[in-house]
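In my numbering, the protein residues as written are 800 to 1210. Using N, Cα and C, we set each Cβ at its ideal position, and we do this for glycine too.
This is the structure:
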């Protein structure tokens, strides 16, 4: 080894040591900041008031159950990150989140790394990013203020100079449009159309989200105790609801057992406690799932996956199983159903047709929730069926139904 090699090796070790020391310092600083933030959040939890993170959790739940401007899991994480950065900033300047001012918002936006340049041109990436951060804060504060008049939105254009786009109202589905959605179900003539009908029924009749449907397994299907007892299968349900799975956990082919009757419920599993629920399904959904089970066992390769809903191309629907269905697959199925069911509808105007072209599967779920509310299903039961933690997440939909009932009473 030459002297040059020795010198280079020492330099590399020094750089590595220096880098490690910087990492340790950054980690220590982060821990200190986290501890400071935790102390601030704990102090904020006053009796009778929503804390900062409780307010965010309710906001996230409501926005994940919207028809329009719905937030997916990745977007929720982004919003949470921005909200935590905001709370960290407020902790540093000694201000509670409820008492924040436009000046605090401006200070936060200017403290961001992307604002370190001396000048930022109007319309630049940094300006757009500032607007995005401001919009996140505004959305959360406006939501929190609905239940607490003491909370004031600090994101005001007059005080911050930040342009924030106005919040668009949610797309409203009238009773006539909701009735149209039940027309022209996929015919179940092959594996693909049977799968599509099962998806439509799970969303439109049972109120399941895209994530709920994608996460369903064969073992998620629940059958009537009596039907399974007739097959000599197992013991009565431990839940006392007369339903239990026919397929063992991890079953990867529906051909292992074809129950004599359609499923009567589904066990929906979610990452949050409220999302984990057992739901009784209507006979229409049961028939659709039963037909899909028959055809699924014909197209599925043994041992490939235990997912209930699969991604099938027209070639795959005859030959083999595709991968687990994705959100894009469900979006396509939803779009096809909306186009077929609402074609020539007398309940749509030109603006609504334009708006419907940009919505996804959640419109079917929300149509289901609106139907439950219109039939006077208790709000707490609607909340349980929909898998939401707090009834306040259904605030907007409840307002729409109350408006419908008010209009009917005026006639």
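Locate the alpha helix (DSSP H) running through residue 744, then write down its first and last residues.
Within the shown structure, residues of the chain are numbered from 800 to 1210, placing residue 744 beyond reach of any answer.
Going straight from the alpha carbon of residue 1168 to that of residue 1084, what length do you get?
16 angstroms
Residue 860 and residue 1192: beta carbons closer than 8 angstroms?
yes
What's the C-alpha gap between residue 973 and residue 1140?
When rounded, the distance between both Cα atoms is 14 angstroms.
Using only the alpha-carbon positions, how far apart do residue 1094 and residue 989 sit?
7 angstroms
Ignore the nearest five residues each way along the sequence and tell me which others in residue 885's own chain have a CB closer than 7 angstroms to its CB.
907 and 936
In chain order, what residues of the same chain lie with their CB nearer than 7 angstroms to the CB of residue 945, ignoring the 5 residues before and after it?
Residues 1194 of the same chain have their beta carbon placed closer than 7 angstroms to that of residue 945, with the five preceding and five following residues left out of the count.
How would you label residue 872, buried or exposed, when you count the other beta carbons within 10 angstroms and need 16 or more for buried?
With fewer than 16 neighbouring CB atoms inside 10 Å of its own CB, residue 872 falls in the exposed class.
Touch check for the stretch 1171–1188 and the stretch 1070–1081: three-plus C-beta pairs under 8 angstroms?
yes
Just the C-alpha distance for residue 1190 and residue 943, rounded to the nearest angstrom, thanks.
About 14 angstroms.
Here's a check: name, in chain order, each residue in its chain whose Cβ is nearer than 7 angstroms to the Cβ of residue 984, leaving out the five neighbours to either side.
If we look at residue 984 and ignore the five residues flanking it on each side, its Cβ neighbours are 996 and 999.
Can you round the beta-carbon distance between residue 980 and residue 1003 to whole angstroms, since I take them to be within the 8 angstroms contact cut?
So it is a contact: roughly 6 angstroms between Cβ atoms.
Cutting at 8 angstroms between CB atoms, please list the residues of its own chain near residue 881, excluding the five before and the five after it.
By the criterion of a C-beta distance shorter than 8 angstroms, residue 881 is surrounded in its chain by 932, 935 and 936, once the five residues flanking it on both sides are discounted.
Around the Cβ of residue 902, are there at least 16 other Cβ atoms within 10 angstroms (buried) or fewer (exposed)?
By the neighbour-count rule (16 or more Cβ atoms within 10 Å), residue 902 is not buried but exposed.
Does DSSP put residue 988 in a helix, in a strand, or in coil?
DSSP places residue 988 in coil when its eight states are reduced to three.
Express the C-alpha separation of residue 1199 and residue 893 in angstroms, rounding to a whole number.
Spanning the two alpha carbons is a distance of roughly 40 angstroms.
How many Å lie between residue 1048 and residue 889 at the Cα?
48 angstroms
Residues of its chain near residue 1021, where Cβ-Cβ distance is below 7 angstroms and the 5 sequence neighbours each way are ignored:
1042, 1043, 1044, 1062, 1063, 1064, 1065, 1066 and 1077
For residue 1043, which of helix, strand or coil comes out of DSSP?
strand
Look at the alpha carbon of residue 1009 and the alpha carbon of residue 953, and state the distance between them as a whole number of angstroms.
34 angstroms
Can you tell which of 1106, 1166 and 1138 has its C-alpha closest to the C-alpha of residue 1196?
1166
Is the distance from the Cβ of residue 1068 to the Cβ of residue 1014 below 8 angstroms?
yes
Please return the same chain residues whose Cβ sits closer than 7 angstroms to the Cβ of residue 1040, not counting the five positions on each side in sequence.
1077
Need the endpoints of the beta strand (DSSP E) that residue 1064 sits in, please.
1064–1067
For the candidate residues 909, 898, 926 and 939, whose alpha-carbon lies nearest to that of residue 875?
The residue among 909, 898, 926 and 939 with its C-alpha nearest the C-alpha of residue 875 is 939.
Looking at residue 976 and residue 1146, is the spacing between their C-beta atoms short of 8 angstroms?
Contact: yes.
For residue 900, which residues from the same chain have a beta carbon less than 6 angstroms from its beta carbon, with the 5 sequence-adjacent residues on both sides left out?
953
Grouping DSSP H, G and I as helix and E and B as strand, with all else coil, what is residue 1201?
helix
Could you have a look at residue 879 and say whether DSSP puts it in helix, strand or coil?
helix
Below 6 angstroms CB to CB, which residues in the same chain sit around residue 1126 once its five sequence neighbours on both sides are set aside?
1009
Own chain partners of residue 1178 with C-beta closer than 6 angstroms, once the 5 adjacent residues on each side are dropped:
Taken in chain order, the residues that qualify are 1190.
Report the residue from 883, 877, 862 and 870 whose alpha carbon sits nearest the alpha carbon of residue 852.
Out of 883, 877, 862 and 870, 883 has the C-alpha closest to the C-alpha of residue 852.
Please determine, among 1188, 1160 and 856, the residue with the shortest C-alpha to C-alpha distance to residue 1134.
1160
Proximity of residue 1006 and residue 1164 at Cβ, strictly below 8 angstroms
yes
DSSP-derived helix/strand/coil call for residue 979:
Three-state result, residue 979: helix.
Rounded to whole angstroms, what is the Cα-Cα separation between residue 1132 and residue 857?
30 angstroms
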